[in-house]
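Protein chains in written order, with the numbering used here: chain A, 82 to 356; chain B, 23 to 285.
For each residue, glycine too, the CB sits at the ideal point set by N, CA and C.
The model shown is predicted, which means the values in this text are computed figures rather than measured ones.
See below for the structure under consideration.
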């Protein structure tokens, strides 16, 4: 069974702006999916559908086979966690601990269970030491981690992150990727909306590209090496692909996308040279 | 950006710090409620010294106390200055300002002193409460004391987002200046006024949109319209004693005032 299954989803905003025009996609359980698309492609609208904040006007969103609707919106929100781009939008409580406890408190869990979950979530993102801090005294990267902990504490099976690496410094991005890796090992299904092509290639095991409210492509990371598709989606090739695209030999061949692929190719090349 | 730390001294240790926030809030509010009814300056002065003593005992730095008490000025300062000159009574002092002659009266001065003392006693009590209690604990205590959730949440959200708004204002100001904007010397400078008006409008819109996004983020974490809180407040026998002592002192002052034992 797919963790997420969206079919023929259409959504028009109250002011008449169509955001989604018959979008379909599938996300396998336990997979790491990068959701790519230019600004205005409908990414944010789609993310709000995955969490039952927006209810489909047409088509359907299924979470582990169950269709999301007004009736089961709370159930959907307990199974799908959504981490927003701006942590200041998400962290509203007056202390880190209280904010992370907000989700579990909404789930009416026992006191013991809530304390356990908050501690686990704060430890997972390395923020336990700062649990008594006031959010506005935290750095951007720390706020981001608190926002992620706030979602993790609800123990959702699916975690959706909107631009998790945006505005983070290299160290912050590294920490974030380590957190995502940890979530993957815990068996969570991860969907990351991003503009970072390099991150998508290095991190994801499958890729969904959307444009103008429709799915343009869906598949393994090899779609990132498809020059025509990437151009059509107003995206760009990964840094590694860009370098290799300058060499005539790769005109008709599939471009390497990740550092590891490039290293393999270059190793072979240097081995031949040294013979 | 750096911000004031509103409860930076809440982690210190003192009998007031360890007091149960609910008992503390209740006893302090009761004290304030009774002291504002006092009519004798001596008794009000006693209340002021009581709170000063409490603050010093809790090792709150004097500079911090003075900064907080200064907040009386924008609120009551104008009335305190005005009272001596607008209250009818025996003139004690006068000054000629151009064609006007301002006369201060004894009754007016007394009213001004009373207002100042009342404001000081109340503000010092609140400063003691907020500086010895973690803000989040204080909010939880108010929830426990059946203060309407809407009010508690309004205070909480204001404190949480005022710094976000101040940061936004600072960034906007910086970017205006980096594009060569210099504000005019007075409020009649049309371009300054229109720029500031736009600023206010933009801030309003941003706050409105931020409110939407915060609400959506709350919904996505399963918010059902009711804020649940979890607290581990345990009321100890010493809390009853402390709250009782503070309340008794307030009642004592009140009775002395009504009974007229002290002239």
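- Interface flag for residue 250 of chain A against chain B is unset, since no Cβ pair is found closer than 8 Å.
- Residue pairing by DSSP leaves residue 204 of chain A without any beta bridge partner.
- At a C-beta separation below 9 Å, residue 232 of chain A has these neighbours in chain B: 242, 243.
- Residue 257 of chain B carries a coil assignment under DSSP once its states are collapsed to helix, strand and coil.
- Taking a C-beta distance under 8 Å as the contact criterion, residue 178 of chain B and residue 194 of chain B do not qualify as a contact pair.
- Ranked by Cα distance from residue 140 of chain A, the first of A:167, A:162, A:133, A:91 is A:91.
- The beta carbons of residue 264 of chain A and residue 240 of chain B sit about 22 Å from each other, so the pair does not count as a contact at 8 Å.
- Setting aside the 5 residues that flank it on each side, residue 57 of chain B is surrounded in the same chain by 69, 143, each with a C-beta closer than 6 Å to its C-beta; the list follows chain order.
- Counting along the chain, residue 216 of chain B sits inside the alpha helix (DSSP H) bounded by residues 212-242.
- Under the Cβ distance rule, residue 158 of chain B counts among the residues neighbouring chain A, one pair being separated by less than 8 Å.
- Under the three-state reduction of DSSP output, residue 224 of chain A falls in the helix class.
- A straight line joining the alpha-carbon of residue 237 of chain B with that of residue 152 of chain A spans about 19 Å.
- Between the alpha carbons of residue 292 of chain A and residue 101 of chain A lies a gap of roughly 9 Å.
- Between residue 165 of chain A and residue 243 of chain A, the C-beta gap is smaller than 8 Å, which places the two residues in contact.
- Between residue 256 of chain B and chain A, the shortest Cβ-Cβ separation is not below 8 Å.
- Between the alpha carbons of residue 208 of chain A and residue 181 of chain A lies a gap of roughly 11 Å.
- Taking 8 Å as the upper bound on Cβ-Cβ separation, chain A lies near no residue of the region 56-83 of chain B.
- Residue environment for residue 201 of chain B: exposed (fewer than 16 other C-beta atoms within 10 angstroms of its C-beta).
- Burial is judged here by how many other beta carbons sit within 10 angstroms of a residue's own beta carbon; residue 348 of chain A has fewer than 16 and is exposed.
- Secondary-structure assignment with DSSP links residue 298 of chain A through a beta bridge to A:290.
- Look at the region 242-269 of chain A and you find these whole runs of alpha helix (DSSP H), each 4 residues long or longer: 251-266.
- Between the C-alpha atoms of residue 237 of chain A and residue 55 of chain B there is a straight-line separation of about 48 Å.
- Flagged as an interface residue toward chain B: residue 216 of chain A, by a C-beta distance shorter than 8 Å.
- For residue 159 of chain A, the closest Cβ of chain B is nearer than 8 Å.
- Residue state for residue 323 of chain A is assigned as helix, using DSSP reduced to three classes.
- Scanning its chain for C-beta atoms nearer than 7 Å, with the 5 sequence neighbours on each side dropped, one finds around residue 235 of chain A the residues 159, 162, 184, 185, 188, in chain order.
- In terms of Cα proximity to residue 126 of chain A, the closest of B:235, B:52, B:274 is B:235.
- According to the DSSP assignment, residue 152 of chain B belongs to the alpha helix (DSSP H) that extends over 128-153.
- The beta carbon of residue 188 of chain A falls within 8 Å of a beta carbon belonging to chain B, placing the residue at that interface.
- Any Cβ of chain A closer than 8 Å to the Cβ of residue 186 of chain B would place that residue at the interface, and such an atom is present.
- Beta-carbon to beta-carbon, residue 112 of chain A and residue 286 of chain A are separated by about 6 Å, close enough to satisfy the 8 Å threshold.
- As DSSP reads the structure, residue 113 of chain B sits in a beta bridge with B:127.
- Against chain B, a Cβ distance below 8 Å from residue 270 of chain A picks out nothing, because the smallest value is about 16 Å.
- Taken through DSSP and simplified to helix, strand or coil, residue 216 of chain A comes out as helix.
- Here residue 355 of chain A carries a helix assignment [DSSP, helix/strand/coil].
- In the three-state reduction of the DSSP assignment, residue 36 of chain B falls in the coil class, being assigned neither a helical nor a strand state.
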